[in-house]
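See structure below.
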Amino acid sequence: MSEKIVISPTSRQEGHAELVMEVDDEGIVTKGRYFSITPVRGLEKLVAGKAPETAPVMCQRICGVCPIPHTLASVEAMDDSLNIEVPKAGQLLRELTLAAHTINSHAIHHFLIATDVVPENLFADAVNSVSTIRKNAQYVVDMVAGEGIHPSDIRIGGMASNITELARKKLYSRLKALVPVVDAHVELITGLVADKEFPAGLGVHNQPVFASDKIYGKREYFDLDRFTEIMPESWYDDPEIAKRACSTIPLYDGVNVETGPRARAVKFGGFNERGVVAQHVARAVEMKSHLSRAIAILDELDTSANTLADFDPRGTNKLGIGAIEGPRGLDVHMAQVADGKTQFYSALVPTTWNIPTMGPATEGFHHEWGPHVIRAYDPCLSCATHVMVVDDEDKSVVKNEMVKI
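Residue 920 is where the sequence shown ends in my numbering, and the numbering goes up by one at each step.
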């Protein structure tokens, strides 16, 4: 007889989620549903009617784990809506900020999975390398963007200011010295994941991948006409889950897509592996490519160049799109500015792309392996909270009165 296993809230990810698995008599998962239960905050509505500069400051607070991608996606959307051409130096500094942040974020993920894959005799080495990598990556973000958590110097039109030549040389030296540390760390993590002997096929699915760029992000790869968004009540066959789920489900060409490190590796690196191990490997290896790009940017950067464009904040009501390849996948923000105010704002975050893949990825395995699938995909649930279900009269949760906010 089928048994329902509920893990609520799940652990080791930002925000709150629930995993519901149906398990048969042999302990095999026949269906798995993973969904956000993080409370709604409505930041997209808070920026409506306010000056364009408000949006990046507010929307970077969608999440404390990935504020850099949200800040960048927000300013890129505003740049597009306001027809701004960002100066080259400003664009390079934005890309440098994201590269450093991604290295830091992937290192955090390795810390979260350390208890699963790192043996006791190597645990101290793994944690120490994570700490060294994070310290140096966050230092870059602090120096370039003003702050490591909620960056103050990423602005509509570019960056608030350039870095000094002395800072450029200092950052260049730091990152060059970090190369052997990252190389050794990647070798350690990929080797340990391979040695863990996860069940064959764990996390494998046939959904297409979706990525816009190897490092930064390109808005032209996101076609709004190919995008649709549905509510949980239309997706989950269990009405109780449909009532509790707090995020919409995006589709591209009518199907779920996978975003993130493996998607980028497949689309831009010829990577063909699938499943949990492939996710871990792609994430680790990506640290090396982002570090290489960060060093190249510092080598190219003209520290005397202008980094911030002049622009007319009044806008023309054009729908602007910002597409950023965050650590967890493509982060899309959309904005319309007219009469000097934000008329419309929406964020389509990486976790919402990836959450629907959890069900198929969980099926067919003994239920104790379920959480490994979650940690492989590195979800960030605060980002994904966009909807709520309420009754207009008594404010109780209902199924058929869903309101997107």
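Every residue, glycine too, gets a C-beta built ideally from N, C-alpha and C.
Query raised in the report: Taking the runs of the beta strand (DSSP E) that are 3 residues or longer, which of them lie wholly in the segment 539–598?
Result: 544–551
Query raised in the report: Near LYS691, what residues of its chain come up, given a Cβ to Cβ distance below 7 Å and the 5 sequence neighbours on each side ignored?
Result: Reading the sequence shown from its first residue, position 176 is the one you call residue 691. Within the same chain, and ignoring the five residues on either side of LYS691 in sequence, the residues whose Cβ sits closer than 7 Å to its Cβ are ILE810.
Requested in this report: Pull up the CB-CB distance for SER644 and ALA699, whole angstroms please, since I reckon it's below 8 Å.
Outcome: In the sequence shown, the residue the question calls residue 644 occupies position 129. In the sequence shown, the residue the question calls residue 699 occupies position 184. 7 Å between Cβ atoms; contact.
Requested in this report: Give every residue of the same chain whose Cβ lies closer than 6 Å to the Cβ of GLY775, excluding the five residues on either side of it in the sequence, and list them in chain order.
Outcome: For this step, residue 775 is matched to residue 260 along the sequence shown. Result list for GLY775: ARG843 and GLY844, in chain order.
Report task. Have a look at LEU740 and GLY769 and give me their C-alpha separation to the nearest angstrom. Result -> In the sequence shown, counting from the first residue as 1, residue 740 sits at position 225. In the sequence shown, counting from the first residue as 1, residue 769 sits at position 254. In the sequence under discussion, the amino acid at residue 740 is Asp, which differs from the Leu named in the question. Their backbone Cα atoms lie some 11 Å apart in a straight line.
Query - LEU611 classed as buried or exposed, judged by whether at least 16 other C-beta atoms fall within 10 angstroms - result: The residue given as residue 611 occupies position 96 in the sequence shown. Classification for LEU611: buried.
Query - Within 8 Å, strictly: CB atoms of ALA570 and THR866 - result: For the purposes of this step, residue 570 is taken as the residue at position 55 of the sequence shown. For the purposes of this step, residue 866 is taken as the residue at position 351 of the sequence shown. No, these two residues do not count as a Cβ contact at 8 Å.
Query - Anticipated Cβ contact below 8 Å, ILE836 with ALA563, distance rounded - result: Working through the sequence shown from its first residue, we reach residue 836 at position 321. Working through the sequence shown from its first residue, we reach residue 563 at position 48. At roughly 17 Å, the Cβ-Cβ gap does not stay under 8 Å, so ILE836 and ALA563 are not in contact.
Requested in this report: For my contact list, ALA824 and GLY673 are in at a C-beta cut-off of 8 Å; report their separation, rounded to the angstrom.
Outcome: Within the sequence shown, residue 824 is the residue found at index 309, counting from 1. Within the sequence shown, residue 673 is the residue found at index 158, counting from 1. With 8 Å as the limit, ALA824 and GLY673 qualify as a contact, their Cβ atoms being about 6 Å apart.
Query - Whole-angstrom distance between GLY663 and GLU883, CA atom to CA atom - result: Indexing the sequence shown from 1 puts residue 883 at position 368. Indexing the sequence shown from 1 puts residue 663 at position 148. Because the pLDDT at GLU883 is just 46, under 50, the model does not fix this residue reliably, and the value given afterwards should be weighed accordingly. Going from the Cα of GLU883 to the Cα of GLY663 covers about 36 Å.
Query - TYR687 vs ASP814 beta-carbon contact at 8 Å - result: Locating residue 687 in the sequence shown gives position 172, counting from the first residue. Locating residue 814 in the sequence shown gives position 299, counting from the first residue. Yes; because the gap between Cβ atoms is below 8 Å, this pair is in contact.
Report task. Please determine, among MET536, SER523, ARG798 and GLU568, the residue with the shortest C-alpha to C-alpha distance to HIS624. Result -> Indexing the sequence shown from 1 puts residue 624 at position 109. Taking only the C-alpha atoms, the option nearest HIS624 is ARG798.
Query raised in the report: By DSSP, does CYS761 sit in helix, in strand, or in coil?
Result: Here residue 761 corresponds to residue number 246 of the sequence shown, with the count starting at 1. Of the three classes helix, strand and coil, the one that applies to CYS761 here is coil, per DSSP.
Requested in this report: Out of LYS733, PRO582 and ALA604, point me to the one whose CA is closest to THR822's CA.
Outcome: Position 307 of the sequence shown holds residue 822. Of LYS733, PRO582 and ALA604, the residue nearest in Cα terms is ALA604.
Query - Residue range of the unbroken beta strand (DSSP E) whose run includes GLY841 - result: Within the sequence shown, the letter at position 326 stands for residue 841. Secondary structure note for GLY841: its beta strand (DSSP E) is the uninterrupted segment 831–841.
Report task. Between the Cα of LYS803 and those of LYS565, THR763, ALA838 and VAL696, spot the shortest distance and give me the residue it belongs to. Result -> Indexing the sequence shown from 1 puts residue 803 at position 288. Per the Cα distances, VAL696.
Requested in this report: Let me know the secondary structure DSSP gives ALA639 once reduced to three states.
Outcome: Mapped onto the sequence shown, residue 639 falls at position 124. Reduced to three states, the DSSP call for ALA639 is helix.
Query - Whole-angstrom distance between SER589 and GLN575, CA atom to CA atom - result: Within the sequence shown, the letter at position 60 stands for residue 575. Within the sequence shown, the letter at position 74 stands for residue 589. Annotation: GLN575 to SER589 spans about 8 Å, alpha carbon to alpha carbon.
Query raised in the report: For the segment 777–840, which segments carrying the alpha helix (DSSP H) assignment without a break, of at least 4 residues, lie completely within its bounds, in sequence order?
Result: 791–815
Query raised in the report: Looking only at DSSP bridge pairs, what is GLN851 linked to?
Result: Translated into the one-based positions of the sequence shown, residue 851 becomes position 336. Answer is LEU834 and PHE859.
Query raised in the report: Does the pairing of the segment 755–765 with the segment 776–783 give three or more beta-carbon distances under 8 Å?
Result: no
Query raised in the report: ASN915 to GLU748, Cα distance in whole Å?
Result: Here residue 915 corresponds to residue number 400 of the sequence shown, with the count starting at 1. Here residue 748 corresponds to residue number 233 of the sequence shown, with the count starting at 1. Confidence is the limiting factor: at ASN915 the pLDDT is only 43, short of 50, which leaves the residue's position unreliable and the question unanswerable from this model.
Query raised in the report: Helix, strand or coil for LEU534 per DSSP?
Result: The sequence position of residue 534 within the sequence shown is 19, counting from 1. The answer is strand: DSSP assigns LEU534 an E or B state.
Query raised in the report: In the DSSP assignment, what are the bridge partners of LEU693?
Result: Walking along the sequence shown from the start, residue 693 turns up at place 178. Beta-bridge partners assigned by DSSP to LEU693: none are found.
**Report entry** Beta-bridge partners of PHE742, as assigned by DSSP
**Finding:** The sequence position of residue 742 within the sequence shown is 227, counting from 1. Note: PHE742 sits in a beta bridge opposite TYR767.
**Report entry** DSSP three-state assignment for VAL521, whether helix, strand or coil
**Finding:** Counted from its first residue, the sequence shown places residue 521 at position 6. If DSSP states are grouped into helix, strand and coil, VAL521 belongs with the strands.
Requested in this report: Verify whether the separation of the beta carbon atoms of THR679 and THR545 is less than 8 Å.
Outcome: For the purposes of this step, residue 679 is identified with residue 164 of the sequence shown, where counting begins at 1. For the purposes of this step, residue 545 is identified with residue 30 of the sequence shown, where counting begins at 1. No.
Query raised in the report: Can you tell me whether DSSP reads GLU712 as helix, strand or coil?
Result: Counting from one through the sequence shown, the residue named residue 712 turns up at place 197. The answer is coil: DSSP assigns GLU712 none of H, G, I, E or B.
Query raised in the report: Considering only the beta carbon of each residue, do VAL655 and ALA615 sit closer than 8 Å?
Result: The sequence position of residue 655 within the sequence shown is 140, counting from 1. The sequence position of residue 615 within the sequence shown is 100, counting from 1. In this structure, ALA615 lies closer than 8 Å to VAL655 by Cβ.
Requested in this report: Specify, as a first and last residue, the run of the alpha helix (DSSP H) that ASP631 falls within.
Outcome: Mapped onto the sequence shown, residue 631 falls at position 116. From DSSP, the alpha helix (DSSP H) with ASP631 extends over 603–632.
**Report entry** Of the residues CYS895, GLU908 and ASP909, the one placed nearest TYR549, counting alpha carbons only
**Finding:** To locate residue 549, count along the sequence shown from 1; it is residue 34. Closest by alpha carbon: CYS895.
**Report entry** Test item: CB-CB of LEU597 and PHE826 under 8 Å
**Finding:** By 1-based counting over the sequence shown, the position of residue 597 is 82. By 1-based counting over the sequence shown, the position of residue 826 is 311. Cβ distance < 8 Å, so LEU597 and PHE826 count as in contact.
Requested in this report: Taking the CB atoms as reference points, tell me whether LYS525 and GLU533 lie closer together than 8 Å.
Outcome: Locating residue 525 in the sequence shown gives position 10, where the first residue counts as 1. Locating residue 533 in the sequence shown gives position 18, where the first residue counts as 1. Per the sequence shown, residue 525 should be read as Thr rather than Lys. A contact, by the Cβ cut-off of 8 Å.
Query raised in the report: How is VAL659 classed by DSSP in three states: helix, strand or coil?
Result: Within the sequence shown, numbered from 1, the residue matching residue 659 stands at position 144. Helix, per DSSP.
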